[in-house]
Each structure stands twice: as C-alpha cells, then as structure tokens.
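Chains A and B, in that order, are what the protein sequence lines are.
Residue 151 in the numbering used here sits at position 151 of the first sequence, with consecutive numbering throughout.
Residue 398 in the numbering used here sits at position 111 of the second sequence, with consecutive numbering throughout.
Virtual Cβ for every residue (Gly too), placed ideally from N, Cα, C.
These numbers come from a predicted model, not from an experiment.
Some notes on the structure that comes next.
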Amino acid sequence: MNTKNKVGGTRRMVVDWSQAISMLVLFFVYMIPFVLIILNSFKYKRDIIKSPFSIVAEKGYTFDNYLVAFEKMNFLRSFSNSLFVTGLSTLIVTVLASMTAYYFVRAKDKFSTVCFSLMAASMIIPFQAIMIPLVSIYGAKLNMLNHRTSLIFFHVGFAMSMSVFIFQGFIKSSIPLSLEEAACLDGCSKPQTFFMVVFPLLKPITSTLVILNVLAFWNDYLLPSLVLGKKQIMTLPLSTYAFYGTYSADYGTIMAGLVLTVAPILVLYLVLQKQIISGVVAGAVKS
Amino acid sequence: MGTMGNKPKEKIRNLIIFALPGVSIFFAVVIVPFIYGFYLTLTDWNGVTATKNIIGLSNYAQVFKDADFWSSMGLTLKYVFFSVILVNLVAFMLAYVLTNGLKGQNFFRAGFFTPNLIGGVVLGFIWQFIFSRVLVNLGESTGWGIFSTSWLSNPSKAFWALVIVTVWQLSGYMMLIYIAGFTGLSTDVLEAASIDGATGFQRMFRIIIPLMVPSFVVCLFLTLSRAFMVYDVNLTLTGGEPYGTTKLVAMHVYEKAFTARNYGVGQAEALFLFLIVAAISGVQIYLGKKKEVEA
Numbered sequence: 001m002n003t004k005n006k007v008g009g010t011r012r013m014v015v016d017w018s019q020a021i022s023m024l025v026l027f028f029v030y031m032i033p034f035v036l037i038i039l040n041s042f043k044y045k046r047d048i049i050k051s052p053f054s055i056v057a058e059k060g061y062t063f064d065n066y067l068v069a070f071e072k073m074n075f076l077r078s079f080s081n082s083l084f085v086t087g088l089s090t091l092i093v094t095v096l097a098s099m100t101a102y103y104f105v106r107a108k109d110k111f112s113t114v115c116f117s118l119m120a121a122s123m124i125i126p127f128q129a130i131m132i133p134l135v136s137i138y139g140a141k142l143n144m145l146n147h148r149t150s151l152i153f154f155h156v157g158f159a160m161s162m163s164v165f166i167f168q169g170f171i172k173s174s175i176p177l178s179l180e181e182a183a184c185l186d187g188c189s190k191p192q193t194f195f196m197v198v199f200p201l202l203k204p205i206t207s208t209l210v211i212l213n214v215l216a217f218w219n220d221y222l223l224p225s226l227v228l229g230k231k232q233i234m235t236l237p238l239s240t241y242a243f244y245g246t247y248s249a250d251y252g253t254i255m256a257g258l259v260l261t262v263a264p265i266l267v268l269y270l271v272l273q274k275q276i277i278s279g280v281v282a283g284a285v286k287s
Numbered sequence: 288m289g290t291m292g293n294k295p296k297e298k299i300r301n302l303i304i305f306a307l308p309g310v311s312i313f314f315a316v317v318i319v320p321f322i323y324g325f326y327l328t329l330t331d332w333n334g335v336t337a338t339k340n341i342i343g344l345s346n347y348a349q350v351f352k353d354a355d356f357w358s359s360m361g362l363t364l365k366y367v368f369f370s371v372i373l374v375n376l377v378a379f380m381l382a383y384v385l386t387n388g389l390k391g392q393n394f395f396r397a398g399f400f401t402p403n404l405i406g407g408v409v410l411g412f413i414w415q416f417i418f419s420r421v422l423v424n425l426g427e428s429t430g431w432g433i434f435s436t437s438w439l440s441n442p443s444k445a446f447w448a449l450v451i452v453t454v455w456q457l458s459g460y461m462m463l464i465y466i467a468g469f470t471g472l473s474t475d476v477l478e479a480a481s482i483d484g485a486t487g488f489q490r491m492f493r494i495i496i497p498l499m500v501p502s503f504v505v506c507l508f509l510t511l512s513r514a515f516m517v518y519d520v521n522l523t524l525t526g527g528e529p530y531g532t533t534k535l536v537a538m539h540v541y542e543k544a545f546t547a548r549n550y551g552v553g554q555a556e557a558l559f560l561f562l563i564v565a566a567i568s569g570v571q572i573y574l575g576k577k578k579e580v581e582a
C-alpha cells in the first residue's frame, strides 16, 4: 500500500493533508474526555462548574482533590485487592488452561473432544445467562460469596474456555512432538516434559493471553459486584462505583478519583503498548 | 493415536494431572450454573427462602407479559443496530487512513485504542461528567441549543449518548483488527488492479472489501455480542434514566433477578437473551465461512 504514496501529484497531496488533518481532529475528540478529567481534577468545585474548559482556574489549582479521593475511596486497599485478584486469577488460568489444552491436543481421546467442543460452544453464552444461577448456587446454597478467593475461582472458570481454545490452537500448530519424544527418552515424566520443554515454548501465546486476561479481570465490574459485598475486599471498579455514589456532587474529588482509577492501566499501557496492542489483536482474531 | 500414556492407568493419571483441574473449574463455574439455570426458571424462588416451589412454565408466560422486558429488548436492538454500524464504520475508516503510511500512525493507533483499555464503569462516569456538565456549560456559553440541557435528562438524547460512548469505546479496538486485515492484503493484487485502471471506488468495493471479509466477520461478531451484553456503561452513564427509558436488556435482567427478587423470571429472560446471541453468532459464522469460500 505504501507504493502508491511515492507517486506524487497535487491531488495525492491534498488527500494526504486532508487525511492527516481529519485524523488530528478525531484524535483530539477521542482524547478530550481524558484531558478534561485530568484538568478538572486539579481545580476547585466552583471553577469546575463555572468553566470546565478553561485551562486557567480563577481560584488556582489544588492537589487536595487527590488527597481526599485517595483516602475516601481507600485507594491502596482496593488497588491491592484488584492486584491480588487479577494476579492470582491470571496465574492460575494460565497454568491450568495450558495444561488442559496440552492434554486435549496430545491425548486425542473422547474425553478431550467432548470437553473441547463444550468449551468452544460455551463461549457464546452471555454472562447474564449464568450470573443468576451462579449467585443462587454459590451464594444461597454454598455460602461462598464475599471472599476474594471465590472471585478468583469464578474468574478462572469464565476465562478457561477462551484460554484453552487459544492454547490448543497454538500447541497443535507449532509444538513439534519430536521435541517431547526426545525429552521422554531422557527419562522425563509427562509433567516434567510439559513444564521443562513445552511450557517455555508457549511464551508468545502465553503473553497474549496474560494481557487479555489481565485487562478483563482488572476492569470487570458485574461479576465482582455480585460476589464481593464487603467494603474491605472490594476491587478498584467496585470502590470507584461506591465512591462516585457517595461523592457525586464533589466534582473535583470525583475527577481525582477517576484519574487514580485509570492511572495504573494507563501507566501499564505506556510501558507495554506494543505487546498490549498485538496481544489484543491476536486474541480477537484467534477466538 | 494419543501420546498421553500407553497403559490405561498412566493415561488416567495424566488426565487427572493435566486436564481435570481446568475442566472441573470450567464445569463448576459455567456448565453447572447454566444447566441449573433451566431448573431455576421452573421455580418461584425469590433469592431468600430456603425452599423453592416448582411452578412449571409460568415464568416463561410471565416473560411474554413483561412489557418492560420487551421495551428494553426493543431498545437494545435499536442500540445494537446503531452501535454495530457506527463502530465498524468509524473503525474501518480509521484503519484505512492509518495504514496509508501517514506520519505518526502508530501514535494515532495507540491513542484511538486507549478508551478500550478502561473499564466501562469508569468510562460511563467520565462521560456522565462530559454530558451533564461540560456540554451544558458549552451550550450556555455559546448559545448552542443542542447542549442547553443535559443529554442525559432527555430519553432520546440519552440513548444517543450511550451510542456515542460505545463508538468511542469500541472503535479503536475494531480499528486494530481492520488494520491487521489491511496489512495482510496482498499488494500485488492492488497494484495489478491499479495498472488495469481500476478507480479508487472500484478498488475499494471490488477488491478491498471482498478481501476484508474475514476481518468484517470478526469485528461484527465481537461488536454484536458485546453490544447485546453491555451493562457497565449503561449503569454508570445513564443508570437507565431518565424514567427507565435507557434500560438495556442486561440491566433489566439484573434488576428482575436481584432487585425485584424474581429469579425465575429473570433467568427465563436471560435465556432469551442467550438464544438471541447464540442465533446471531451462528448466522455470522455460517455467513463468514460461506463468503470466504466464494471469495
């Protein structure tokens, strides 16, 4: 596609410029909500109401909004809850899904075929069609709600099918059986073969899946809202929601709270931009 | 045949080590509740009492009589229709321009994708501020009537607010998938077409779009299923307001079960949503396969 740009001409230049300008305008439109939130998070309430657009605030800037928000939404506590839940869920689903997929590819038995088709088919079930019985089984019957470990258990269960599906495709197409056979001749057990030989080879697809799962777990609201009712164990989206409900009239505090919530993921994005983008694309195209 | 052990005993041991943990969690969290859900629709459970009475199919009859459910379903269809079209249109155009060798295109791509990284709850709150304060302020200072009152307090404008936020959230994601499609296009075919004198219009509709069918399938499938299930943004942007006019079906199902404590009817309605999503996915996959073969 690049070849055609090298052919000059006025018409081509006009098209190029109009494209560049329209991209700039659109980019501005896409970014303005973030800019406004950050800008207003440093202002006093009166200035926010009077002129949310102006860069110069009459009463000057303040950092108080952040101090209040940080304390009132218990940022550190909900941040570490989110970190704990997201981290452990991702770790467990990665290990279990890769092992399951490995078994499915290599065993080729009836059990594998049936389970794999069930997993593939289950990917079209909307969460809403499971949440009500989920709450009635694990809440009313087993009394397992209100624990972070239960949330991890559910995250793992819901992420399993897509993760197995993606691992399965990768193992099938790019892990040669001969490598494992060589390892087995040296006297490796199956779990040893898997963890020493196969799992390291899965690295590209593992990083894709880790990115997809981390984003999904970190941002999830509906499932955690059904599982975690107690304040002390709330994840970041839950405490943001609770915080917004209580302080919705204190615009400055609210803006600061939103910035604090968004900041961790934006920082991660700045550092791992390439990996995140290619991971998301690979995940979407494969499933 | 398989290489997970020659003797049956070894094979079973490997099955238990490798597949059983993952498969049993999947069954416990997805399959068992899904099946149990059918049983729930036959009961009158209210979420509190220990006993449930089997009441046959009357919950399904209730679904048909639940006018709120049907109006939220109608609204959801309208929302899905506009969101899917606009998201894909915007995403396709962005991808087309951003694969043209524009300076700084990676920067633009990264920027357009940013909203998708952030959870729906926060996005909804951000835009609630934009619609209810920033735009109203803009309306007051410029005299533009369209912004004089908050969009979120007017039923039809609140609906469009939802669509706008959805487009803002999802178009960057779909753009990435279209970009992957564009980059995979064979330059030979496009050059041959140009040499043969194809106009830009012909190139787009006769060559690029047919070759991009796989990307369209992926994107349509993703936007459709995500739009049907949307909850977070709905909750925090409009909360179903004003007067419950922007309640999408996911929110209706949630409230039916957990607020009105009518688990059986709620689950029956959720299954209805499931049927729609499943049917759409089925049609989409079928059409995609067929088109791919033809092209």
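Quiz item: In whole angstroms, what separates the C-alpha of Val-156 (chain A) from that of Ala-20 (chain A)?
Solution: It is roughly 44 Å from the alpha-carbon of Val-156 (chain A) to the alpha-carbon of Ala-20 (chain A).
Self-check item: Positions along the region 221-237 of chain A whose CB lies within less than 7 Å of some CB in chain B
Solution: Here the close residues are Tyr-221, Leu-222 and Pro-237.
Self-check item: Partner residues on chain A for Lys-568 (chain B), Cβ-Cβ distance less than 9 Å
Solution: The sequence shown places Ser at residue 568 (chain B), rather than the Lys named in the question. Those are Met-123 and Ile-124, listed as they occur along chain A.
Quiz item: Hey, would you say Asn-387 (chain B) sits closer than 7 Å to Arg-548 (chain B), going by beta carbons?
Solution: Taking 7 Å as the Cβ cut-off, Asn-387 (chain B) and Arg-548 (chain B) do not qualify as a contacting pair.
Quiz item: The alpha helix (DSSP H) with Gly-324 (chain B) in it runs from where to where?
Solution: That run of the alpha helix (DSSP H) goes 319-327.
Quiz item: In three-state terms, what does DSSP make of Lys-577 (chain B)?
Solution: Here Lys-577 (chain B) sits in helix by DSSP.
Quiz item: CB-CB under 6 Å to Ala-256 (chain A), same chain, minus the five flanking residues each way: which ones, in chain order?
Solution: The residues are Ser-41, Asn-65, Tyr-66 and Ala-69.
Self-check item: Nonlocal neighbours in the same chain, by C-beta distance under 8 Å from Arg-513 (chain B), ignoring five residues either side
Solution: If we look at Arg-513 (chain B) and ignore the five residues flanking it on each side, its Cβ neighbours are Leu-457.
Self-check item: 8 Å contact criterion, which Leu-477 (chain B) and Gln-571 (chain B) should meet: CB distance rounded
Solution: Between the beta-carbon of Leu-477 (chain B) and that of Gln-571 (chain B) there is about 27 Å, and that puts the pair past the 8 Å contact cut.
Quiz item: What is the DSSP secondary structure of Ile-567 (chain B), reduced to helix, strand or coil?
Solution: It is helical.
Quiz prompt | Within 7 Å, strictly: CB atoms of Asn-269 (chain A) and Leu-404 (chain B) | solution = In the sequence as displayed, the identity of residue 269 (chain A) is Tyr instead of Asn. Cβ atoms of Tyr-269 (chain A) and Leu-404 (chain B): closer than 7 Å.
Quiz item: So, does the CB of Cys-115 (chain A) fall closer than 7 Å to a CB anywhere in chain B?
Solution: The C-beta of Cys-115 (chain A) comes closer than 7 Å to at least one C-beta of chain B.
Quiz item: Are the beta-carbon atoms of Ala-555 (chain B) and Val-540 (chain B) separated by less than 7 Å?
Solution: In this structure, Ala-555 (chain B) lies away from Val-540 (chain B), with their beta-carbon atoms at least 7 Å apart.
Quiz item: Measuring CB to CB, does Ile-461 (chain B) end up less than 7 Å from Ala-348 (chain B)?
Solution: The amino acid at residue 461 (chain B) is misidentified as Ile; the sequence shows Met. With respect to the 7 Å criterion, Met-461 (chain B) and Ala-348 (chain B) are not classified as neighbours on the basis of their beta carbons.
Quiz item: Along the chain, which unbroken stretches of the beta strand (DSSP E) at least 3 residues long are found entirely within the region 171-238 of chain A?
Solution: Runs of the beta strand (DSSP E) lying entirely within the region 171-238 of chain A, each at least 3 residues long, are absent.
Quiz prompt | Gln-554 (chain B): contacting residues in chain A (beta-carbon distance under 7 Å) | solution = Going along chain A in sequence order, the residues near Gln-554 (chain B) (Cβ under 7 Å) are Ile-132 and Pro-133.
Quiz item: Is the CB of Pro-33 (chain A) under 7 Å away from at least one CB in chain D?
Solution: Protein chains A and B are contained in the structure displayed, whereas chain D is not.
Quiz item: Buried or exposed: where does Gln-168 (chain A) fall if 16 or more other Cβ atoms within 10 Å of its Cβ makes it buried?
Solution: Buried is the call here.
Quiz item: If you run the structure through DSSP and keep just helix, strand and coil, what is Thr-436 (chain B)?
Solution: Taken through DSSP and simplified to helix, strand or coil, Thr-436 (chain B) comes out as coil.
Practice problem: With 7 Å as the threshold, decide whether the Cβ of Thr-100 (chain A) is near any Cβ in chain B. | Solution: Chain B has a Cβ within less than 7 Å of the Cβ of Thr-100 (chain A).
Self-check item: Spatial distance of Ser-136 (chain A) from Leu-329 (chain B) (CA atoms)
Solution: C-alpha of Ser-136 (chain A) to C-alpha of Leu-329 (chain B): approximately 14 Å in a straight line.
Quiz prompt | Beta-bridge partners of Thr-113 (chain A), as assigned by DSSP | solution = Thr-113 (chain A) is not bridged to any residue.
Quiz prompt | Exposed unless 16 or more other CB atoms sit within 10 angstroms - verdict on Ser-18 (chain A) | solution = Its Cβ having fewer than 16 others within 10 Å, Ser-18 (chain A) is exposed.
Exercise. Sort out for me which residues DSSP pairs Ile-341 (chain B) with in a bridge.
Key: In the DSSP assignment, the residues bridged to Ile-341 (chain B) are B:Thr-330.
Quiz item: When the cut-off is 7 Å and only beta carbons count, does Asn-375 (chain B) lie next to chain A?
Solution: No, Asn-375 (chain B) lies away from the interface with chain A (no Cβ there is under 7 Å from its Cβ).
Quiz item: If we cut at 7 Å on Cβ distances, does Pro-529 (chain B) have a partner in chain A?
Solution: By this cut-off, Pro-529 (chain B) is not an interface position.
Quiz prompt | Span separating the alpha-carbon of Asn-146 (chain A) from that of Lys-294 (chain B) | solution = For Asn-146 (chain A) and Lys-294 (chain B), the distance between alpha carbons rounds to 44 Å.
Quiz item: By the criterion of Cβ-Cβ separation under 9 Å, what are the contact partners of Ser-51 (chain A) in chain B?
Solution: Simply Asn-424 and Ser-428.
Quiz item: Given 8 Å as the limit, is there contact between the region 178-190 of chain A and the region 116-128 of chain A, that is, 3 or more CB pairs closer than that?
Solution: Contact between the region 178-190 of chain A and the region 116-128 of chain A is not established, with fewer than three Cβ pairs separated by less than 8 Å.
Self-check item: Whole-angstrom distance between Ile-152 (chain A) and Leu-88 (chain A), CA atom to CA atom
Solution: Leu-88 (chain A) and Ile-152 (chain A): Cα-Cα distance of roughly 7 Å.
Quiz item: Between Gly-468 (chain B) and the rest of its own chain, which residues show a CB-CB distance below 6 Å, the 5 nearest in sequence each way excluded?
Solution: Cβ contact annotation for Gly-468 (chain B) (same chain, cutoff 6 Å, sequence separation greater than five): Met-499 and Ser-502, in chain order.
Practice problem: Give the C-beta separation of Ala-282 (chain A) and Ile-171 (chain A) to the nearest angstrom, bearing in mind that I take them to be a contact with Cβ-Cβ under 8 Å. | Solution: Ala-282 (chain A) to Ile-171 (chain A), Cβ: 15 Å. No contact.
Quiz item: Can you find a C-beta in chain B that's less than 7 Å from the C-beta of Ala-69 (chain A)?
Solution: Look at Ala-69 (chain A): its C-beta is not under 7 Å from any C-beta on chain B.
Quiz item: Is it true that the CB of Ser-568 (chain B) sits closer than 7 Å to the CB of Ile-166 (chain A)?
Solution: Inclusion of Ile-166 (chain A) and Ser-568 (chain B) in the CB contact set at 7 Å is not warranted, their separation being larger than that value.
Quiz item: Since Ile-55 (chain A) and Leu-39 (chain A) are thought to touch, with beta carbons under 8 Å apart, how far apart are those beta carbons, to the nearest angstrom?
Solution: That belief holds up - the Cβ atoms of Ile-55 (chain A) and Leu-39 (chain A) are roughly 7 Å apart, short of 8 Å.
Quiz item: Thr-401 (chain B) versus chain A: which residues are under 9 Å apart at the beta carbon?
Solution: Ordered by position in chain A, the residues that pass the 9 Å Cβ test against Thr-401 (chain B) are Tyr-30, Met-31, Phe-34, Leu-266 and Tyr-269.
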